[in-house]
Structure formats: structure tokens, C-alpha cells
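K.L.:
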Amino acid sequence: VCDHHEQTPPFDFLFTSEAVCEGHPGWFCFWGVRLCSLADKVCDQVSDAVLDACVKDDESAKVACECCVKTGMIMIFGEITTSATINYEAVVRETLKEIGYDDPIKGLDYKSVNVIVAIEEQSPEIARSVDAARLEDIGAGDQGVVFGYATDEADASLMPLSHLLASNLALRLTEVRKARILDWAQPDGKAQVTCEYRMDKCVISPQRVRTVVISAQHTDTASDEQIREGLMEQVIHVVIPEKFTDSDTVYHVNPSGRFIIGGPHADAGVTGRKIIADTYGGWGSHGGGAFSGKDATKMDRSGAYAARWVAKSLVQAHLCHRVSIQLAFAIGVPYPVSIYVNSYGTALILSGKSDAELVEVVRSNFDLRPGCIVRDLKLRRPLMLVTAKHGHFGHDVEPCTWEKPKQLVT
Numbered sequence: 005v006c007d008h009h010e011q012t013p014p015f016d017f018l019f020t021s022e023a024v025c026e027g028h029p030g031w032f033c034f035w036g037v038r039l040c041s042l043a044d045k046v047c048d049q050v051s052d053a054v055l056d057a058c059v060k061d062d063e064s065a066k067v068a069c070e071c072c073v074k075t076g077m078i079m080i081f082g083e084i085t086t087s088a089t090i091n092y093e094a095v096v097r098e099t100l101k102e103i104g105y106d107d108p109i110k111g112l113d114y115k116s117v118n119v120i121v122a123i124e125e126q127s128p129e130i131a132r133s134v135d136a137a138r139l140e141d142i143g144a145g146d147q148g149v150v151f152g153y154a155t156d157e158a159d160a161s162l163m164p165l166s167h168l169l170a171s172n173l174a175l176r177l178t179e180v181r182k183a184r185i186l187d188w189a190q191p192d193g194k195a196q197v198t199c200e201y202r203m204d205k206c207v208i209s210p211q212r213v214r215t216v217v218i219s220a221q222h223t224d225t226a227s228d229e230q231i232r233e234g235l236m237e238q239v240i241h242v243v244i245p246e247k248f249t250d251s252d253t254v255y256h257v258n259p260s261g262r263f264i265i266g267g268p269h270a271d272a273g274v275t276g277r278k279i280i281a282d283t284y285g286g287w288g289s290h291g292g293g294a295f296s297g298k299d300a301t302k303m304d305r306s307g308a309y310a311a312r313w314v315a316k317s318l319v320q321a322h323l324c325h326r327v328s329i330q331l332a333f334a335i336g337v338p339y340p341v342s343i344y345v346n347s348y349g350t351a352l353i354l355s356g357k358s359d360a361e362l363v364e365v366v367r368s369n370f371d372l373r374p375g376c377i378v379r380d381l382k383l384r385r386p387l388m389l390v391t392a393k394h395g396h397f398g399h400d401v402e403p404c405t406w407e408k409p410k411q412l413v414t
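Residue numbers for the sequence shown, in the numbering used here: 5 to 414.
(1) Residues in its own chain within less than 7 Å of P340 by CB, not counting five upstream and five downstream?
(2) Put W406 into one of helix, strand or coil per three-state DSSP.
(3) Under a three-way DSSP split, which group does S171 fall into?
(4) Classify G109 as buried or exposed, calling it buried when 16 or more other Cβ atoms lie within 10 Å of its own Cβ.
(5) Nearest to F263 by CA position, among N369, D252, T225, E246, is which residue?
(6) Exposed or buried, which one is G297 when buried takes at least 16 other CB atoms within 10 Å?
(7) For I120, which residues does DSSP report across the bridge?
(8) Might you give, ordered along the chain, the residues of its own chain that have their beta carbon closer than 6 Å to the beta carbon of T12, omitting 5 neighbours on each side?
(9) Going by beta carbon distance, what residues of the same chain come within less than 7 Å of E361, once the five residues before and after it are set aside?
(10) Once DSSP output is grouped into helix, strand and coil, what is the label at E63?
(11) In this structure, does DSSP put L389 in helix, strand or coil?
(12) To which residues of the same chain is C47 closer than 7 Å at the C-beta, ignoring the five residues directly before and after it?
(13) Check the DSSP bridge columns for F17 and list the partner residues they point to.
(14) Write down the C-beta distance between A189 and V217 rounded to the nearest angstrom, noting that I regard them as a contact closer than 8 Å.
(15) How big is the Cα-Cα spacing for S41 and R277?
(16) Between P191 and Q230, is the Cβ-Cβ spacing less than 8 Å?
(17) Under 8 Å, do C206 and I84 count as touching if we go by C-beta distance?
(18) For H387, which of D52, C25, K45 has the nearest alpha-carbon?
(19) Residues bridged to T148 by DSSP?
(20) How big is the Cα-Cα spacing for V337 and P409?
(21) Tell me the DSSP secondary structure of Y92 in three-state form.
(22) At the level of alpha carbons, what is the spacing between A144 and Y309?
(23) Label G30 either buried or exposed according to how many other C-beta atoms from any shown protein chain fall within 10 Å of its C-beta, with 16 as the threshold for buried.
(24) Can you name, in chain order, every residue of its own chain whose Cβ lies under 6 Å from the Cβ of D380, other than the five neighbours on each side?
(25) Around the C-beta of V5, are 16 or more other C-beta atoms found within 10 angstroms, so that it is buried, or is it exposed?
(26) Within this structure, are the beta carbons of F2 and H396 separated by less than 8 Å?
(27) Report the option in E402, S317, C404, V401 whose CA atom is closest to the CA atom of T414.
(28) Let me know if G398 comes out buried or exposed under the rule of 16 or more other beta-carbons within 10 Å of its beta-carbon.
(29) Using alpha carbons as the reference points, say which of E102, A154, E402 lies closest to L323.
(30) Starting from S219, trace the beta strand (DSSP E) in both directions and tell me its first and last residue.
(31) Is the beta carbon of G148 within less than 7 Å of some heavy atom of the ligand MG?
(32) Given this structure, state the Cα-to-Cα distance separating D304 from S251, to the nearest angstrom.
(33) I need the straight-line Cα distance from F32 to E402, nearest angstrom please.
(34) Can you tell me which residues form a DSSP beta bridge with H256?
(35) Under 8 Å between the Cβ atoms of R214 and I208?
(36) Return the first residue and the last residue of the beta strand (DSSP E) that V239 is part of.
This is how it looks when you write it as C-alpha cells:
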């Protein structure tokens, strides 16, 4: 698109990103189209809570834990090899309690929900591929491609604005519910933000927020007026910067009307069906693999974290305005089989470097062997549950080591 950026006149375009709350099982949006999905942040959190419980007592635990949920029942299933002794049922119930599922009327009650556990050990054939005497020599736990993305369009998080705002709306929904600021709010909820962007010589810049969509589950006693007023004042106006809104900004607040039945009572859910909301809201690319419930030898997760680390480091070093990184791995092989960098033409503008030169910068500054990713990003820690709640990127909190850019030698 940007090969002839000097001759391409500036143009505007719209882009939409979506995020969901901790208790949501339901839908995702891409390019403004609403698509049916069985995604469920409840299941992501349960899967990561099980992972954390294993890693807490056995940092070398091999975990691939899935979860599914429907009214009154929840099941965890998958492959786990660990020396730790885990009360899986207790982990599941405690996670549901923390989310806020404490009453059958919400679709789940952590005290009475039927918990089904179907866990087996990891295949010995896979184990042979990832075991090694030294951490640095372990092979990838599977083949696959992963992507990382970063952009300087918004703030120091280096996340795309549309996704940043949608994620912060979902986070604020959870905050006002748990703090009882909006005492009618229930666990399920979702948000969607459409931003108007300008493309000028390969560089994109957000101009305004065109549309905000927000839906919050509520008690049957809350009035429509009370819900709209609360969401506008306590959520939307708190999160969306005034400089991005104007008299033409459209707000759809609980546009479907009443939203009393939510959570697993309304929609079944499984782990890993919110991969776009979990990453960059549709910007960049996605390799297709989910993150939650997977230990650090699974490159779907650790490789994607490394790709984000690389991307953020390149943008932070002012080598490009935005960039997408692709890493590819083969099972049992300790080095990535390929590294691809796409700066969308912005590297030449900002630093005078080509994308091929950026690849060499990556190779000389990062050791992207699976074991070295685990070592450098300190991924063998029981801290993954936090990532399952409101996205894996853009949060400057303790476990997110991949959000701390590396000082590059160029």
C-alpha cells in the first residue's frame, strides 16, 4: 500500500475493535461486523487459574488446560503433567467466586456449580520434543506462527487506540461493578469502539471516536434511564478522552434493550474464543492459537509474548511508527524457522531502515529460542491469571515482562 507513499494522497478510514468483561461468554466484532462466537472469558480465567496453581509448586509443569461452561456446570479438560498436587475443583470454584458468579440466577453459583474434571497426562511423544538438560535448549512445544504488533498512535502502551479504548471500557465496567459504584451491574458486559483514522504517507493517526457501543448486564430492578446515565457518566466519559469525541460521536448504550440474562445462562463458552480481543483488536495479524491454559513451552503463548516484546522494542526505539512481527516455530526445534517484519513503510520514513534491516536488528538483539524466551521474560511464574481478564497486551503490570521494551543496539 505504501510503496509509493509520496504520491498517495491522505485518506480517512474507520476501524472497530471490541473487548469483553470477565463474565462474558458471548460475541466478537471485527471490522464492525458482529459475529456469533462461543468465546468466554470465564473459561480463559479458569484455565489460567489451573495453570498458575500448577506452576506455583512446579515451575516445569506442562499444562494444556481447556474449559467449557454452561448453566450450572463447568468442565476442565486437557493434558497436565506436574509434580504438584492440585485440588482442581477448589481452583475452579475460587475463580468463579472472584469473577462474581455467586448466585444461580446469574447462571453459575461457585458454591453449587457442577464441576467436571477430565485431565490426563501430556503425551510422552510431545514431552520428548520439549525436554532438555538446559532451559535454553528446549524445543518448541508445537509448530505454528505467532504475531506481535505495536504502534505509536496513542500513548506509551504502544497499542492501537480503538482496541485500547474498548479494553479500558470493559475494564472500567468491571471496576464499577466490583466497587459497587453501579450497584445494578452484573458480571457480563462488552464494549466496542469505532475510530476514524487518517493515513498520510504510510503513517496512521487517530482523528476521533465515531461510535461507542457498550452493553452491561444488569439487575431486573434497574431502569433503562438509570443504566444509560450510569454507563455514560461512570464508564464512557471516564474512559474516552474528550479530545476524541464531538457532537457527532454516536453512543449505543445497551442497544438490545434489557440485558438481565447473561453469562453462561445466555451463551455456552469455551477457552480461547476471544483471540482478537485478547491481542490487538483486529490490528496486525493473528496466528490463530489461543493463550490461556498453556504453559510457557507452548509457543502460541510465549512466542506471541516475544513477538509483542520485539514489536514494542522496535517502536520504542523510534525505528518505525508501527510494526507487525511474525515468528514461526517447528515442534522440537530450538530456533524459530522464520522471522518476518512489516513496518508498513514507516521504518523508511522514521529511521531510514528497510524491513530487511529491521529483521537483522531483531536477530542481533533477541534470542528467540523457546527456552530463552521463557528465561528472558520470566514466564515460569504463577502470574498468568491476570492476563486472561482484559487482554494480554498493553498492561504495565508485574507479570507482563513483554511490555517492557528492550534497549536495542542498532
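Glycine included, each C-beta is placed from N, C-alpha and C at the ideal position. Just so it is clear, the structure is predicted and the values come from calculations on it, not from any experiment.
P.N.:
So, to answer that:
(1) In the same chain as P340, and ignoring 5 residues on each side of it, the C-beta atoms closer than 7 Å to its own belong to L331, A332, F333, L372, in chain order.
(2) Collapsing the DSSP output to three states places W406 in a helix.
(3) Note: S171 maps to helix in three-state DSSP.
(4) Per the sequence shown, the amino acid found at residue 109 is Ile instead of Gly. Around the CB of I109, fewer than 16 other CB atoms lie within 10 Å, so the residue is classed as exposed.
(5) Scanning N369, D252, T225, E246 for the CA closest to the CA of F263 turns up T225.
(6) That one is buried.
(7) Looking at the DSSP output, I120 bridges to M79.
(8) Counting only Cβ-Cβ distances below 6 Å, and skipping sequence neighbours, we find nothing.
(9) Closer than 7 Å at the Cβ level, and outside the excluded window around E361, lies no residue.
(10) Coil.
(11) Note: L389 maps to coil in three-state DSSP.
(12) If we look at C47 and ignore the five residues flanking it on each side, its Cβ neighbours are C71, C72, V73, G273, V274, T275.
(13) The partner list for F17 (beta bridge, DSSP) reads Y201.
(14) Taking the Cβ atoms as the reference, A189 lies roughly 17 Å from V217, outside the contact range of under 8 Å.
(15) Here the model assigns S41 a pLDDT of 28, short of 50, so the residue's position is not dependable and the matter cannot be decided.
(16) No; because the gap between Cβ atoms is not below 8 Å, this pair is not in contact.
(17) When the beta-carbon positions are compared, C206 and I84 stay at least 8 Å from each other.
(18) A small correction: the amino acid at residue 387 is Leu; His does not occupy that position in the sequence shown. Nearest C-alpha to L387 among D52, C25, K45: D52.
(19) What sits at residue 148 in the sequence shown is Gly, not Thr. Partner residues in the beta bridge of G148, as assigned by DSSP, are F333.
(20) In this structure, the CA atom of V337 is about 26 Å from the CA atom of P409.
(21) DSSP places Y92 in helix when its eight states are reduced to three.
(22) Taking the straight line from one Cα to the other gives about 14 Å.
(23) With a pLDDT of 41 at G30, under the threshold of 50, the predicted position of this residue should be treated as unreliable, though the coordinate-derived value follows. Within 10 angstroms of the beta-carbon of G30 lie 16 or more other beta-carbons, which makes it buried.
(24) Residues of the same chain with a CB within less than 6 Å of the CB of D380, apart from the 5 flanking positions on each side, do not exist.
(25) In this prediction, V5 has a pLDDT of 47, which is less than 50 and means its spatial position is unreliable; nothing more can be read from the coordinates.
(26) With the chain covering only 5 through 414, there is no way to say anything about residue 2.
(27) For T414, the nearest C-alpha among the options comes from S317.
(28) G398 should be labelled buried.
(29) Check the Cα spacing between L323 and each of E102, A154, E402: the tightest is with A154.
(30) Where S219 is concerned, the enclosing beta strand (DSSP E) stretches over 207 to 222.
(31) Summarising the ligand content, the structure contains no ligands, and the ligand MG is consequently not present.
(32) For D304 and S251, the distance between alpha carbons rounds to 43 Å.
(33) Note that F32 scores 33 on pLDDT, short of 50, meaning its location in the model is unreliable; the coordinates nonetheless yield the value given after this. Rounded to the nearest whole angstrom, the CA to CA distance from F32 to E402 is 28 Å.
(34) In the DSSP secondary-structure assignment, H256 is bridged to V217.
(35) In terms of Cβ geometry, R214 and I208 do not form a close pair [threshold 8 Å].
(36) Per DSSP, V239 belongs to no beta strand (DSSP E) and is neither H nor E.
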